[in-house]
Every structure is written in C-alpha cells, then in structure tokens.
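Residue numbers (our numbering): 3 to 206.
Here a beta-carbon is modelled for each residue, glycine too, at the ideal position from N, C-alpha and C.
Model, not experiment: these values are computed from the prediction.
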Amino acid sequence: MYLSFQTGYTCEASRIMKLPTILFVLLLALCALFGLTFVIEEVPFEDVATPSGQIERVYSGHGVTHPRFSTMDHGGSGAERHARVLWLGWAFGVLQIALVVGCLMLGVKRDRRVRLWLVGCGVLLGAIFSMVVVSYQGSLGGAPPSLFFSLPGPTAWFLYGYWPAQFVVVVLYVLVFNRAVITTKDVVRFREIVAAERRRRGDE
C-alpha cells in the first residue's frame, strides 16, 4: 500500500491492464455493427411480377445498370440508399479510429503525456471523420454541392483534412518511440537476456 501510494505504480498498471478490455469491447462493437449490415434491409427495392405470376423483390441499393453504358453500374439516389445506414458508417469509422489509437496506446508504458497526446489525435481524427459524414449527409438533398478547392465538401474534408491528420499520429509515435515505448535500456536488457539464454543453451 505504501509503495502504491508513493509511486502510483499500481494505479498506472491498473489503467494499462484495463486497456485490453476496452479494446476487446471496441472490437465486439465493430463486429456488432458489421452484423447489423446483414439485418437491415437494402433500399431501394421494387416488387416486380415474374413470368410465372409471382412477386419478386428486386434490390437496387448496390447499383443498377447504367442506361447508356451497359458495362457500368451507377448508384442512383444517395439519399434513398444511405439515409437509413449512414449512422452505421459513421459509428464504424469512429470505433475503428478508437481501436487503432487504443492499440498504439497499448505500447506506451512510461510517459502518461504521450497517451494523452494520442487521445487528442484520436479525437481530432474522429471529429474530422464526423465532418466528412455530416457534410455528405448535407449533400444528399440533391442541391449542387459546394466546392472547396475544386472538390465537393465531403471529399475535401477527407482529402485536405483527414488524410494529412493521420500523419500527425505517425510523427508523434515515431518521435516518442525511443522514450515511451522501447528505450535504450530496454534494448540493452533484451540483448542481455538473449545472450544469457544462448549461454544457457550452450552449456546444455
């Protein structure tokens, strides 16, 4: 108890031990969302009569043959196809970001500030991705999309915002790797263990 109170090691270790549980819950949530895609009925669809007189439901949410180019499919109305499932795509993307950031945090054992920086990067990526989805939802009404640097809003958010923001996480992880993940002392200790194991096997 005294050691725990003086150093805070137990609390820190407890937080690290909880992280795998959180990652497992995130993975289960991703699996649940993926499973929902098989349950929600595809739209739009049309009930057509077959030559035998039966009614067959034909789904066209995955695309239909282009009227001018038969070798190409086109999606049709985005509002009709995505209104019911857009939240699934948003939730799946946000959970994926959380899972990736959590896996990066799993290796950080020494500097608590690094984990806070990673959380901040995850929040930034989640916010930008949310803006991609929100701007896409706003473009489903059929009005001509507003352009930003020659690109529609959702594409601009992704290309000019989300894509470069990912490198912030990469640069941060590279800069702190030798200090927060594997230090020089860790490498020296690892080599000592390997050398001792080789000597032990040689003695046998």
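query                                                                                                           : result
Cys33 burial status per 10 Å Cβ neighbour count (16 or more: buried)                                            : exposed
Alpha helix (DSSP H) segment containing Ile264, residue limits                                                  : The question about residue 264 has no answer, for the chain in this structure spans 3 to 206.
Where Ile24 falls: helix, strand or coil (DSSP)                                                                 : helix
As assigned by DSSP and simplified to three states, the class of Asp75                                          : strand
Between the CA atoms of Leu106 and Pro146 - distance to the nearest angstrom                                    : 40 Å
CB of Val125 within 9 Å of CB of Val116, strictly                                                               : no
Whole-angstrom distance between Val196 and Arg202, CA atom to CA atom                                           : 10 Å
Buried/exposed call for Tyr4, threshold 16 Cβ in 10 Å                                                           : Residue confidence is low: Tyr4 scores 40 on pLDDT, short of 50, so the model does not pin down where it sits. No coordinate-derived value is stated.
Ala100 beta carbon less than 9 Å from that of Leu142                                                            : no
Own chain partners of Val176 with C-beta closer than 8 Å, once the 5 adjacent residues on each side are dropped : none
Classification of Ala129 by the beta-carbon crowding that lies within 10 angstroms, buried from 16 upward       : exposed
Straight-line Cα distance separating Lys20 from Phe71                                                           : 55 Å
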